[in-house]
Amino acid sequence: MMCPNKGCPTVPLMPTNCQSCNSSKVERLPGDCVAVVTLSGKYYLHLFSLKCEDCQTTTNPFTLDSVIESGFWPSSPVKFSYLFKVGVFRFWDTLRKNAPGTSEAAFVEVLNTMTAFHGRENMGKITPTIFSTSFKEWCFCQHQIERIQKKNWMQCPSCTFDQHSCHVDGNCKLYRYRSSGRRTRKEFYDGLFIAEDKKVASFINEIYKGKFGKVEADYICGGKWNAARNNARKYKSLDTTGLEVMSCRHQLGQRALNMKQGELYGYP
Numbered sequence: 001m002m003c004p005n006k007g008c009p010t011v012p013l014m015p016t017n018c019q020s021c022n023s024s025k026v027e028r029l030p031g032d033c034v035a036v037v038t039l040s041g042k043y044y045l046h047l048f049s050l051k052c053e054d055c056q057t058t059t060n061p062f063t064l065d066s067v068i069e070s071g072f073w074p075s076s077p078v079k080f081s082y083l084f085k086v087g088v089f090r091f092w093d094t095l096r097k098n099a100p101g102t103s104e105a106a107f108v109e110v111l112n113t114m115t116a117f118h119g120r121e122n123m124g125k126i127t128p129t130i131f132s133t134s135f136k137e138w139c140f141c142q143h144q145i146e147r148i149q150k151k152n153w154m155q156c157p158s159c160t161f162d163q164h165s166c167h168v169d170g171n172c173k174l175y176r177y178r179s180s181g182r183r184t185r186k187e188f189y190d191g192l193f194i195a196e197d198k199k200v201a202s203f204i205n206e207i208y209k210g211k212f213g214k215v216e217a218d219y220i221c222g223g224k225w226n227a228a229r230n231n232a233r234k235y236k237s238l239d240t241t242g243l244e245v246m247s248c249r250h251q252l253g254q255r256a257l258n259m260k261q262g263e264l265y266g267y268p
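Residue numbering for the sequence shown follows full-length UniProt numbering, starting at 1 and increasing by one per position.
Here's what the structure looks like:
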């Protein structure tokens with residue numbers, strides 16, 4: 001495998017023979033250059049195609065299957081601009097769960113620092129948006145695999161058969177402005193943990209009989225509960241005012257919804 005940088009990791013499962021006639025008389029034709037990211041930082045790798053001298057067939061050994069089987073995750077299933085070593089994603093996934101104060105941007109900067117430490121300053125920095133999108137897609141793939149394996153990490157083993165109680169609370173710091181726009185594609189998890197906004201709105205309208213946003217007495221419970229103040233004018237610039245989360249008494253998150261105003265009693 002041709003690589004412009006010494007020490008660049010290779011994809012070990014690449015075929016060396018012709019994929020049509022299995023001849024070993026093949027010529028490597030250089031192709032595009034892609035970025036490879038490992039825990040040692042960023043590298044560049046030359047892709048290639050194989051031309052058989054016997055049957056004159058030209059094939060591309062860098063298929064999606066061969067790349068994934070080799071332990072890498074591509075930035076796109078169609079055109080590879082980045083190949084991320086799966087170990088990078090596993091490390092970041094473990095780190096963010098055990099040290100939740102660590103940001104993704106800081107982790108990417110650590111990888112850039114490792115690139116410079118190994119003398120590859122000319123490689124440039126890792127594109128944060130590509131890393132973020134690729135990591136989310138990898139996480140969703142792991143979720144789909146776990147579903148096939150009948151794993152459910154949102155199900156508390158102690159509460160499975162007869163849950164005693166649950167705790168519901170809202171975090172008003174997880175707000176979102178209307179001016180930030182809306183996502184056009186469908187969500188990866190499609191209401192698996194965070195309930196769909198349409199279903200929540202339908203339930204709220206049924207409870208409040210169309211007066212949602214106008215009911216001020218909803219936050220009174222032996223006194224005024226300021227966190228649940230249902231004031232539409234206060235949140236007029238926000239699309240989402242926070243996240244309401246339900247967990248069992250063993251602190252396992254079970255369900256959530258996007259709040260559109262205060263912490264209402266009428267949320268499902």
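Idealized CB from N, CA, C, for every residue including glycine.
Short Cβ contact (8 Å threshold) for residue i with residue j
i	j	result
Phe-84	Ser-165	no
Thr-59	Ser-20	yes
Cys-33	Gln-163	no
Gly-266	Ile-204	yes
Leu-264	Ala-256	no
His-46	Pro-61	no
Asp-54	Cys-18	yes
Thr-240	Arg-176	yes
Phe-188	Lys-151	no
Phe-91	Leu-39	yes
Cys-78	Asp-169	According to the sequence provided, residue 78 is Val. The question's Cys does not apply to it. No. Outside cutoff.
Burial state of residue i (16 or more Cβ within 10 Å)
i	result
Met-259	buried
Val-88	buried
Leu-50	buried
Cys-52	buried
Asn-112	buried
Met-154	exposed
Nearest residue (CA-CA) to residue i, options the options
i	options	result
Gly-41	Lys-173, Glu-53, Ile-194, Val-110	Val-110
Pro-157	Met-123, Leu-252, Phe-107	Leu-252
Glu-121	Thr-241, Cys-18, Tyr-43, Ser-237	Tyr-43
Ile-126	Ser-24, Ala-35, Leu-238, Cys-159	Ala-35
Ser-81	Thr-129, Val-108, Ala-201	Thr-129
Gln-142	Cys-172, Ser-202, Val-86, Glu-104	Val-86
DSSP bridge partner residues for residue i (one or two, in chain order)
i	result
Asn-122	DSSP lists no partner for Asn-122.
Asn-205	In DSSP, Asn-205 forms no bridge with anything.
Ile-194	Ala-256
Asn-60	DSSP lists no partner for Asn-60.
Val-108	Bridge partners of Val-108: none, in fact.
Trp-92	In the DSSP output, where bridge partners are listed per residue, Trp-92 has none listed.
His-167	Ser-247
residue 277	With the chain represented from 1 up to 268, any question about residue 277 goes unanswered, as that position is not in the structure.
Arg-28	Leu-50
Pro-100	BP columns for Pro-100 are empty, so no partner.
Is the segment 147-163 touching the segment 71-79 in the sense that three or more CB pairs, one from each, lie closer than 8 Å? No contact exists between the segment 71-79 and the segment 147-163.
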